[in-house]
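Have a look at the structure below before the remarks.
Here's what the structure looks like:
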């Protein structure tokens, strides 16, 4: 029974901690995901106390927002007065600033116990960086440590030799010798000390990666080793009480945050109202577009879509960047497959590259280059890491590495071009091939026609597709940077931090399939014209270049395709000029940033994200959203059952909340939730970074991805505001069906606004427990029975 209590305590304690994703598959996620069942402000208080973390924006960030007019003065004053703060906003800001100076946030120093634990964790969890591995790793973390404990800092070899044979017995041995009133709180305390490492243990457990299968480690193992060392070394086991009593400033911080968020919402909704008013007054004739392009919902797509649309008669759509294909992808040059769909989604499909011709010269050249690349890497690693050759290698290779650094520093574009010439694009002579994954019943076999059709139709349904242009592009996105440990954080989050080009190419192939088209036409009444050709592509978010994989496009479309490429290049010119705030040589500057090995900010990723709009493009097409909003195409008129909207709310809406909260918390406390400055990063085990020579594993984005300088913000830490254009009753029915969505809204991790199409697109605000508040500033016709007084609406609009 006692073991069961211990196990329950371990399980409950671990829920308070998020997942730390590896560098090679870095997915932004809410570090406080375990607290989402609590109201936002309550969760922050708990996390601040447990993790010794800052959870609200600092007063200095509020000061910057106030001085930049990002916080509406009247709105803030109203909020303050409503909560009995009657002085001016400036006076309260000065109070918070003074408190910040008088009581600077403590820099958390790791204890001796933490130092010992990080040494063991980094040695055991290494994923191929170290040439020599510790013995007995295959037996698991606890047993591997047990066999070596007597050789390390341990109070007596005799004690080490008498250690229990299992981790749960070791935990039981320790807790029975101490006055432990609450197992869960005890375990939380010890997990919180190294929450980054704990998050990576959770990642290994949850994903059951190849490293976890070979060398297992569990939260239970971690606690067994930590508690045993603490007990034998005489360190404290039971946590001391640590209560935060500064409730006044916490309340003020929360109100300032709300005012900042509502100021953003006010500006966003004002723009949407204006567009809704214009579209209802004008009746434009629909002219068939020359090309249609589907981009990821990523905030970086908002800017490139604006610039593409301004270059011709082009229509763009937004769709989650894995394009609805739950797959693993195996690169033509690699032996292992990587995940290329959202982390929470299983991967029933495996996509590989199939050469169009086994005898093609490009294929032969690529295969030869692949073998040479692998051989060179193997030899280089052996020379660097083997004891007899390492010293001689460093001396002998110094001049070559020095020359390489000079090239990278002064003429990076030349070095990049030379490498590109030596590496032909596999897309030119390969096409993606989809089969069932190894975990499926029909592993290795081609997927059925029904499933191919379902993949294509699902995309059309979610986007509300009505007509088809001669050229239809599915454009994934990827980021090309140099010397960037966090490079995968700039890739497509919907593809598990992989580029979306593979999914885009596959969807184009499926949509071009003759059998798929016939099925769509005959069974689903979706008639794709014969002249329509689907093409995969990739948007390089660092340079804004759009590459098309068009080797199979028929000659009949050559002229249209060339005209489109000219427009895409023009879009790149204006998009880079806009993003980099320069009028000259913007493409060249963007390319240099992507190739510069010393560049700390090759691009801004998803910084400044604050909104998610689920609506047809016409709702936002005249607005400059400044890359602050995710945008998913959705047409309520083509979704009678609400299934498409349900899929968007349960999938992309939840994922964007993860992204938003990751950026929020890594901004408000970059030391705890982020990874500090890139300048002092050290890569450990190939999977993570630490600051300097040790400490906790860093779990989030670096400082340079969030701030313009150490003191000046770039990302504004605001919670996500979701705007949906659909019937209110449809949205409400989905919330009633999915309690986890309602919980996120009730606890204010997300804000929700609905443009109610049953009521002249009136904007209605969600206000807890399925209560809705009408927008007081939107003029609309409605019956007297439903109409509230202006005063009532005004009171409700600020909450």
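Residue numbers (full-length UniProt numbering): 1 to 799. C-beta: ideal position from N, C-alpha, C; glycine also.
Which residue from the options puts its Cα closest to that of residue i?
i: residue 727; options: 709, 646 and 90; result: 646
i: residue 684; options: 92, 128 and 173; result: 128
i: residue 154; options: 229, 201 and 19; result: 229
i: residue 539; options: 532, 619, 549 and 533; result: 549
i: residue 188; options: 178, 223 and 213; result: 223
i: residue 628; options: 93, 606 and 643; result: 606
i: residue 168; options: 191, 152, 149 and 143; result: 143
i: residue 469; options: 218, 293, 568 and 451; result: 293
i: residue 661; options: 680, 30, 15 and 552; result: 30
i: residue 535; options: 344, 527, 523 and 513; result: 513
i: residue 649; options: 41, 744 and 620; result: 744
i: residue 578; options: 437, 116, 63 and 305; result: 305
i: residue 438; options: 347, 755 and 205; result: 347
i: residue 753; options: 739, 740, 738 and 774; result: 774
If you draw a straight line from the C-alpha of residue i to the C-alpha of residue j, how long is it?
i: residue 777; j: residue 723; result: With a pLDDT of 49 at residue 777, under the threshold of 50, the modelled position of this residue cannot be trusted; read the value that follows with caution. Whole-angstrom Cα-Cα distance: 16 Å.
i: residue 515; j: residue 258; result: 53 Å
i: residue 121; j: residue 65; result: 41 Å
i: residue 18; j: residue 44; result: 14 Å
i: residue 165; j: residue 147; result: 11 Å
i: residue 262; j: residue 725; result: 19 Å
i: residue 443; j: residue 433; result: 14 Å
i: residue 208; j: residue 656; result: 25 Å
i: residue 633; j: residue 706; result: 28 Å
i: residue 473; j: residue 227; result: 56 Å
i: residue 800; j: residue 250; result: Within the shown structure, residues of the chain are numbered from 1 to 799, placing residue 800 beyond reach of any answer.
i: residue 492; j: residue 500; result: 6 Å
i: residue 658; j: residue 699; result: 14 Å
i: residue 354; j: residue 639; result: 37 Å
i: residue 140; j: residue 240; result: 31 Å
i: residue 233; j: residue 219; result: 21 Å
i: residue 406; j: residue 588; result: 19 Å
i: residue 682; j: residue 186; result: 31 Å
i: residue 136; j: residue 333; result: 33 Å
i: residue 151; j: residue 161; result: 11 Å
i: residue 801; j: residue 770; result: Residue 801 lies beyond the stretch modelled for the chain, which goes from 1 to 799, so this question has no answer here.
i: residue 34; j: residue 12; result: 10 Å
i: residue 666; j: residue 527; result: 47 Å
i: residue 192; j: residue 60; result: 27 Å
i: residue 615; j: residue 134; result: 55 Å
i: residue 759; j: residue 457; result: 30 Å
i: residue 641; j: residue 39; result: 32 Å
i: residue 553; j: residue 712; result: 48 Å
i: residue 596; j: residue 460; result: 40 Å
i: residue 562; j: residue 62; result: 49 Å
i: residue 591; j: residue 98; result: 44 Å
i: residue 20; j: residue 197; result: 8 Å
Classify residue i as buried or exposed, calling it buried when 16 or more other Cβ atoms lie within 10 Å of its own Cβ.
i: residue 3; result: exposed
i: residue 145; result: buried
i: residue 83; result: exposed
i: residue 37; result: exposed
i: residue 430; result: buried
i: residue 238; result: exposed
i: residue 463; result: buried
i: residue 792; result: In this predicted model, residue 792 has a pLDDT of only 39, less than 50, meaning its place in the structure is not dependable enough to derive any value.
i: residue 571; result: buried
i: residue 746; result: buried
Report back the beta-carbon spacing between residue i and residue j to the nearest angstrom; my notes put them in contact at under 8 Å.
i: residue 321; j: residue 296; result: 3 Å
i: residue 69; j: residue 183; result: Not a contact, Cβ separation roughly 51 Å.
i: residue 50; j: residue 114; result: Going by Cβ atoms, the distance from residue 50 to residue 114 rounds to 15 Å, so no, they are not a contact pair.
i: residue 543; j: residue 582; result: That pair is no contact at about 14 Å.
i: residue 252; j: residue 96; result: 6 Å
i: residue 860; j: residue 594; result: Any question about residue 860 goes unanswered here, given that the chain covers just 1 to 799.
i: residue 203; j: residue 342; result: Not really, about 15 Å apart at Cβ, beyond 8 Å.
i: residue 308; j: residue 568; result: 7 Å
For the ligand GTP, is there any heavy atom lying closer than 8 Å to the beta carbon of residue i?
i: residue 522; result: What this structure holds is no ligand at all, so the ligand GTP is not there to describe.
Checklist entry - Touch check for the stretch 492-506 and the stretch 325-340: three-plus C-beta pairs under 8 Å? => result yes
Item to check | Three-pair Cβ contact test at 8 Å for the stretch 731-738 versus the stretch 685-698 | outcome: no
Next on the checklist: Between the stretch 266-279 and the stretch 301-310, can you find at least three pairs of beta-carbon atoms closer than 8 Å?
Outcome noted: no
Checklist entry - Any chance the stretch 665-682 sits against the stretch 691-702, with 3 or more Cβ pairs inside 8 Å? => result yes
Item to check | Meets three-Cβ-pair contact criterion under 8 Å: the stretch 555-562 and the stretch 478-495 | outcome: no
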